[in-house]
Amino acid sequence: MTTYQIKPNGRKLHDLELNNEVVGKMKFSGFGFNMAEIIVRNARLFRIEPKSFWSGTRYVKEQDTLCLEFRMRWNGKIVMNTYFTSNPLQFTFKRKGMFKNSFVLLNTDESEVMSILPSFNWSKFKTFYTVEVPESLAGLEYIELLIMTGLYCVLYIQTQESAATA
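Residue 53 in our numbering sits at position 53 of the sequence shown, with consecutive numbering throughout.
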């Protein structure tokens with residue numbers, strides 16, 4: 001397993017690190033956590049934006065090219081469609097574990113693509129994330145984008161759940 005770390009760097013900025021080297025950043029823009037920009041390996045810029053104001057569907061675009069889209073279902077799972085290759089892939093992002101404190105991205109065969117484990121640091125009052133990716137998938141060109149989109153999904157799920165309980 002390849003282990004990535006996601007560290008908050010301010011209120012609306014997260015850094016993705018591999019072996020203590022920053023390989024990606026996600027910055028939220030605008031009001032709340034609705035839209036974000038992802039920079040992967042200091043070279044490629046992706047934007048996460050809603051389909052419309054009332055829609056639960058989010059698009060991930062590089063310039064005007066659709067790379068990924070996802071939508072939260074009523075059961076708390078997020079269905080993700082990727083368009084990186086000519087053959088679109090579908091993933092499911094959901095909570096995992098007995099206490100549902102970690103998250104997992106599954107492909108259509110129900111095999112794990114990545115897992116995200118949040119850990120809250122009380123002294124800094126921030127949440128840090130550990131992401132584990134199988135070695136076979138660590139070399140994919142878009143794995144950092146999937147990880148940062150996974151972080152967006154974690155924050156999206158937590159926001160929706162806390163809004164439902166308020």
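Ideal Cβ positions, reconstructed from N, Cα and C, are used throughout, including at glycine.
Nothing here was measured: the structure is a model prediction, and the numbers come from that model.
Distance CB(residue i)-CB(residue j) smaller than 8 Å
{"i": "residue 102", "j": "residue 116", "result": "yes"}
{"i": "residue 81", "j": "residue 69", "result": "yes"}
{"i": "residue 118", "j": "residue 60", "result": "no"}
Given residue i as reference, the closest of the options once Cα atoms are compared
{"i": "residue 57", "options": "3, 35 and 64", "result": "35"}
{"i": "residue 3", "options": "10, 17, 146 and 112", "result": "17"}
{"i": "residue 14", "options": "64, 128 and 70", "result": "128"}
{"i": "residue 1", "options": "158, 162 and 133", "result": "133"}
{"i": "residue 94", "options": "43, 107 and 59", "result": "107"}
{"i": "residue 139", "options": "122, 153 and 113", "result": "113"}
{"i": "residue 96", "options": "20, 104 and 43", "result": "104"}
Endpoints, alpha helix (DSSP H) assigned at residue i
{"i": "residue 137", "result": "135–138"}
Assigned exposure category for residue i - 16 Cβ within 10 Å defines buried
{"i": "residue 85", "result": "exposed"}
{"i": "residue 30", "result": "exposed"}
{"i": "residue 150", "result": "buried"}
{"i": "residue 24", "result": "buried"}
{"i": "residue 98", "result": "exposed"}
{"i": "residue 144", "result": "buried"}
{"i": "residue 120", "result": "exposed"}
{"i": "residue 53", "result": "exposed"}
{"i": "residue 28", "result": "buried"}
Opposing strand residues paired with residue i [DSSP bridges]
{"i": "residue 22", "result": "17"}
{"i": "residue 37", "result": "27 and 47"}
{"i": "residue 5", "result": "17 and 130"}
Limits of the unbroken beta strand (DSSP E) element including residue i
{"i": "residue 96", "result": "89–96"}
{"i": "residue 108", "result": "From DSSP, residue 108 is part of no beta strand (DSSP E); its letter is neither H nor E."}
{"i": "residue 100", "result": "Unbroken run through residue 100: none, as it is neither H nor E."}
{"i": "residue 53", "result": "Looking at the DSSP string, residue 53 is not in any beta strand (DSSP E), and its letter there is neither H nor E."}
{"i": "residue 70", "result": "65–72"}
{"i": "residue 81", "result": "78–82"}
Any C-beta of chain B under 8 Å from that of residue i
{"i": "residue 112", "result": "The structure shown contains no chain B; it is built from a single protein chain."}
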